[in-house]
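Participant: Numbering (the numbering used here), first residue to last: 1 to 343. Every residue, glycine too, gets a C-beta built ideally from N, C-alpha and C. Every value quoted in this text rests on a predicted model; they were computed, and no experiment measured them.
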Amino acid sequence: MDDADPIGADRSVTTGIGIDDVHRIEFDVDWPPGHVAAYLLETPELTLIDAGMTGERAGDRLEEALDTAGYDLADVAHLLVTHPHVDHVGQVPRVIERADPTVYAPVGVRERLAREPDDLERQVEANATAAGLGGAERDGAIGMARDSLERSRRLLPPAAVDRWVGEDGSDSVTVGELEFETIPTPGHQADHHCFETTIEGERVLFAGDTVLEPFRPVLLHIGLDRGVEQSLPAFERTLDRLGARSIDRAFPGHGPVHEEHQETIDRDRRSLRRLTEGVASRLDPENGTTAAELARERVEDEREFAYRLPEVVSALARLEATDRARRSTTEAGVQRYRPASVE
Numbered sequence: 001m002d003d004a005d006p007i008g009a010d011r012s013v014t015t016g017i018g019i020d021d022v023h024r025i026e027f028d029v030d031w032p033p034g035h036v037a038a039y040l041l042e043t044p045e046l047t048l049i050d051a052g053m054t055g056e057r058a059g060d061r062l063e064e065a066l067d068t069a070g071y072d073l074a075d076v077a078h079l080l081v082t083h084p085h086v087d088h089v090g091q092v093p094r095v096i097e098r099a100d101p102t103v104y105a106p107v108g109v110r111e112r113l114a115r116e117p118d119d120l121e122r123q124v125e126a127n128a129t130a131a132g133l134g135g136a137e138r139d140g141a142i143g144m145a146r147d148s149l150e151r152s153r154r155l156l157p158p159a160a161v162d163r164w165v166g167e168d169g170s171d172s173v174t175v176g177e178l179e180f181e182t183i184p185t186p187g188h189q190a191d192h193h194c195f196e197t198t199i200e201g202e203r204v205l206f207a208g209d210t211v212l213e214p215f216r217p218v219l220l221h222i223g224l225d226r227g228v229e230q231s232l233p234a235f236e237r238t239l240d241r242l243g244a245r246s247i248d249r250a251f252p253g254h255g256p257v258h259e260e261h262q263e264t265i266d267r268d269r270r271s272l273r274r275l276t277e278g279v280a281s282r283l284d285p286e287n288g289t290t291a292a293e294l295a296r297e298r299v300e301d302e303r304e305f306a307y308r309l310p311e312v313v314s315a316l317a318r319l320e321a322t323d324r325a326r327r328s329t330t331e332a333g334v335q336r337y338r339p340a341s342v343e
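#1: What do you get for Ile247, buried or exposed, if any count of 16 or more other CB atoms within 10 angstroms of its CB means buried?
#2: Taking buried to mean at least 16 other C-beta atoms within 10 Å of its own C-beta, is Asp266 buried or exposed?
#3: State the Cα-Cα distance for the pair Leu272 and Ala321, rounded to the nearest angstrom.
#4: If we ignore side chains and look at the alpha-carbon of each, how far apart do Asp67 and Pro184 end up?
#5: Straight-line CA distance for Leu242 to Leu48?
#6: So if DSSP puts Gly208 in a beta bridge, which residue, or which two residues, is it bridged to?
#7: Just verifying my parser: in three-state terms, what is the DSSP assignment at Leu156?
#8: Roughly how many angstroms separate the alpha carbons of Glu150 and Ala291, rounded to a whole number?
#9: Could you check which residue in Ala145, His254, Arg338, Arg110 has the C-alpha nearest to that of Ala159?
#10: Near Gly288, which residues of its chain fall below 7 Å by C-beta distance, leaving aside the five closest residues on each side in sequence?
#11: Buried or exposed: where does His315 fall if 16 or more other Cβ atoms within 10 Å of its Cβ makes it buried?
#12: Select from Glu97, His23, Glu331 the residue whose C-alpha is nearest the C-alpha of Ala65.
#13: Specify, as a first and last residue, the run of the beta strand (DSSP E) that Ile183 falls within.
#14: Rounded to whole angstroms, what is the Cα-Cα separation between Arg94 and Gly59?
#15: To the nearest angstrom, report how far apart Val211 and Ala244 are at their CA atoms.
#16: Nearest to Leu239 by alpha carbon, out of Glu286, His188, Arg282, Arg274?
#17: How close, in whole Å, do the beta carbons of Gly132 and Val334 come, if the pair is a contact with beta carbons under 8 Å?
#18: Going by the CB atoms, is the gap between Phe251 and Phe195 shorter than 7 Å?
#19: What did DSSP end up calling Glu286 once you bin it into helix, strand or coil?
#20: Quick one: is Ser281 buried, meaning 16 or more other Cβ sit within 10 Å of its Cβ, or exposed?
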């Protein structure tokens, strides 16, 4: 689809439900801001957007929320997934087992989950080495990638998906009685999609892990897999696509429901500039600097380090592509970056 809405495009399709028919379901997570949200759309064909965190506690929370709204888990007719991260697909198996809904997921997920594990491990090993990881840290990065693939396959088995969003090249999807415009929004996760529709005359966005009010989403994209350098430009394209849209209300996966669509996009653009400039300012002109060294300076714990490393790798690639940094590679395959002005 085009990054901007076509001039004169008809975007007046209305769902026929009210804002009060959208129920937010929060699940506890161990990282900021401490929760993840799914959304229950109360229509004759009950629709769930994302499925929360893994675990019995989260499963009980989902069922409690449905009960409060007057429903049982078996009443869910449609399940729409924004992206396959664990905190958004954690209860998919339970929903499928109890409700047998029609399941929708971005088409890119299908190919990603078909990935050969040995090839994934080889690519992550090479990129982790290039970033400056060795020994146990490199092994940890490889294990993290393998575990993520296996977990995603278990929580969102491709055979359980009934409709792959975007497979037919369309930029819309009909979910029961609801029609959504589908927006590819990579950067946080490579296959991420947002879903836009009209409710009571408002343009609303079910945003997954984009346009978060508290902070910019981390640019995990594909982790340290092939194409890690593309996380920054991918998220810039996402901001361009979302910024071209007039959204009245966002329903994100983290942080509150809000009406600050353009403000969060502008903030995220500034954050990307700070990321790139911050990386540029820390390059050692004499010895060079690795992505791992730079990422370590930006974080306080190991979990955050693993999630921030890919965006630092991408920022370094941006600096090299714009002739602001030069790269050298050691015999061991470690890449070190210096300011381009240093000869």
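Facilitator: On the basis of the coordinates in this document:
#1: buried
#2: exposed
#3: 16 Å
#4: 33 Å
#5: 22 Å
#6: Pro252
#7: coil
#8: 27 Å
#9: Arg110
#10: Ser328, Arg336, Tyr337, Arg338
#11: In the sequence as presented, His is not what sits at residue 315; that position holds Ala. Burial call: buried.
#12: His23
#13: 178-184
#14: 7 Å
#15: 13 Å
#16: His188
#17: 6 Å
#18: no
#19: coil
#20: exposed
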